[in-house]
Amino acid sequence: MGDPTSSKNLLEDRPAHQSEGPKKIHKTPKTDDVISTITEDSFISFRKKFHFPNDLVMKVPARSDRARFPPPGYVTVYEFSLRARLRFPPSPELIDILTIYGVILSQFFYRAMSIVMGLIVLFRDRRVVLSAECLSRMGRLFSDWLDICTRDPSKGWISDFFYVQNDWKLQEKWGKLKEFPVPLHIRAEDLLKILKLPDLDALHYEVRYLSRYIDEEYLFEVGLYTQAGRSSAQMLKRSVKAVEAVPQKNQSKRPGSGSNLQAPKKKKADEILTVTSKGPPVSPSKSYIPEDHLEMNKILNDWNNEFVKVKYLQGEYKEKYDGKVKDMKVVEDQLAECRAELTNMITSASSQNEQIDRLHIELLPSAVIEEFKKSYAFKIIIEDHVQEACNHIYDVEVKALEAE
């Protein structure tokens with residue numbers, strides 16, 4: 001998988017070394033053909049080594065299961081991600097980055113996961129939150145060190161995968177890494193101001209030695225590291241005296257030597273397990289941490305819990321806002337259709353009015369002409385009657401003259 005302490009070379013979409021011949025065929029194994037080697041005993045080791053919460057639900061893959069196709073409601077996790085300091089529940093920053101880049105947990109290779117977790121711790125150590133925009137800008141500034149790309153894991157760890165119940169709305173299907181645009185509103189000077197660093201050399205130093213930020217001490221300080229579902233303050237309670245029973249069997253056969261051999265062991269155990277009044281309490285597996293440090297970490301854990309709640313509420317309100325935006329878009333589309341239909345109706349009515357006006361103009365001259373024709377015919381009839389009357393009078397006068 002690579003050197004666990006180095007963050008210089010991240011996995012890219014191309015192989016690290018070009019080879020010739022038939023060896024190139026076996027360079028990348030097929031994930032669909034690999035069977036998981038994780039067992040229930042592996043979960044016991046993981047819980048002890050990586051301090052999983054008690055409420056974390058894990059599932060051993062069956063022989064027919066594959067890494068690219070987790071069961072519904074589960075996500076695929078590789079063992080190397082745990083060594084890269086992935087802890088459960090995942091931090092809100094990591095969830096946002098995975099969502100924005102469109103990939104799942106198992107697509108981040110060891111170096112990619114360790115660098116993202118290191119940047120999250122670096123930003124939290126300076127009381128700020130790593131965003132996808134800041135990650136993209138830092139990737140452009142330090143492309144030789146922060147090249148976040150994905151590919152299938154190498155065959156050395158390809159079979160060490162298992163399933164974790166997806167309680168964080170993570171993407172479950174294998175996706176293609178999205179090209180995130182360069183945030184123009186975030187410059188190098190803005191990163192220096194956010195991280196409270198004097199110059200780019202200081203930022204380059206922090207990035208170059210980013211691997212030190214994924215130590216468990218830093219994870220504990222920034223609230224990313226809890227044990228067995230308990231807070232860090234509860235995890236580091238003072239130890240109490242543990243009474244060790246002296247075994248009765250397998251005693252030494254030498255007379256008088258058994259008590260002498262057991263005495264140093266009992267004394268050493270009492271020194272380790274007994275809380276004395278002369279110094280700070282200690283235990284075999286936990287070192288003493290001052291009370292003020294515990295209080296600060298408890299406050300930090302409370303802040304982290306509130307931050308997770310705020311991010312959860314933000315996600316819910318964002319979903320509601322997106323739903324309202326979709327509804328408004330539908331209403332706007334309907335309104336646009338109504339406006340278009342109204343415009344068509346107005347255009348049609350105007351066209352009909354113009355046609356009616358033309359018909360009216362054509363009908364008016366026709367009526368006048370008919371009236372004129374009627375008047376002219378009546379005048380002709382009157383003239384004919386007058387002419388007949390004149391002729392009759394003329395005939396009467398002629399006859400009268402002839403009679404005289």
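Numbering of the sequence shown is given in full-length UniProt numbering, commencing with residue 1 and proceeding in unit increments. Glycine residues also receive a C-beta, built at the ideal position from the N, C-alpha and C atoms.
DSSP-derived helix/strand/coil call for C390: helix
What does the Cβ neighbour count give for G223, buried or exposed, with the cut at 16 atoms within 10 Å? buried
Short check: CB of P61 to CB of F161, under 8 Å? yes
Mind checking whether K193 and R126 have CB atoms under 8 Å apart? no
Please confirm if the segment 72 to 79 is in contact with the segment 116 to 133, defined as three or more CB-CB distances below 8 Å between the two stretches. no
Where does F52 sit, in a helix, a strand or coil, going by DSSP? coil
By the 10 Å Cβ neighbour count, where 16 or more other Cβ atoms means buried, how is M207 classified, buried or exposed? It is worth fixing the name first, because residue 207 is Val in this sequence and not Met. So V207 ends up on the buried side.
Look at V164 and L56 and say whether their C-beta atoms are less than 8 Å apart. yes
Separation of A336 from S348, as counted between CA atoms: 18 Å
Cα-Cα separation, Y213 to Y110: 15 Å
Please identify the residue among E404, E189, L177 whose C-alpha is closest to the C-alpha of I100. L177
Backbone secondary structure at H385 - three-state DSSP: helix
What's the C-alpha gap between D327 and L94? 31 Å
Report the rounded CA-to-CA distance for P71 versus A340, giving the unit in angstroms. 49 Å
From the DSSP output, which residues share a beta bridge with F59? It is Lys, not Phe, that sits at residue 59 in the sequence shown. DSSP, once it has assigned bridges, lists Y163 as partnering K59.
Which residues mark the beginning and the end of the alpha helix (DSSP H) in which T99 is found? 92 to 101
Outcome for M113 when other beta-carbon atoms lying within 10 angstroms are tallied against a minimum of 16: buried
Pairwise C-alpha distance: V129 and L91: One detail in the question is off: residue 91 reads as Ser in this sequence, not Leu. For S91 and V129, the distance between alpha carbons rounds to 11 Å.
Which first and last residues belong to the alpha helix (DSSP H) in which V121 is found? 110 to 125
If I measure Cβ to Cβ from N353 and keep anything under 6 Å in the same chain, skipping five residues before and after, which residues do I get? none
In the DSSP assignment, find the unbroken beta strand (DSSP E) run with Y74 in it and report its ends. 74 to 78
At 4 residues or longer, what runs of the alpha helix (DSSP H) sit wholly inside the segment 315 to 371? none
Are the CB atoms of L82 and F43 nearer to each other than 8 Å? no
CB of L135 within 8 Å of CB of I97, strictly: yes
Determine the burial state of S36: buried for a count of at least 16 other Cβ atoms within 10 Å of its Cβ, exposed for fewer. buried
In or out: M138 buried (at least 16 other Cβ within 10 Å) or exposed? buried
By alpha-carbon positions, which one of F372, P89, V331, F307 ends up nearest to L170? P89
Compare the C-alpha of V34 against each of F108, R66, S375, D41 and name the closest. R66
Determine, using beta carbons only, whether V121 and Y218 come nearer to each other than 8 Å. yes
F46 - DSSP class collapsed to helix/strand/coil: helix
Considering Cα atoms alone, identify which of I158, F123, G175, A400 is closest to L191. F123
Report the residue from F50, R63, K59, E189 whose alpha carbon sits nearest the alpha carbon of A84. F50
For F220: DSSP bridge partner residues: Paired residue(s): none; F220 is not in a bridge.
Below 7 Å CB to CB, which residues in the same chain sit around R63 once its five sequence neighbours on both sides are set aside? I35
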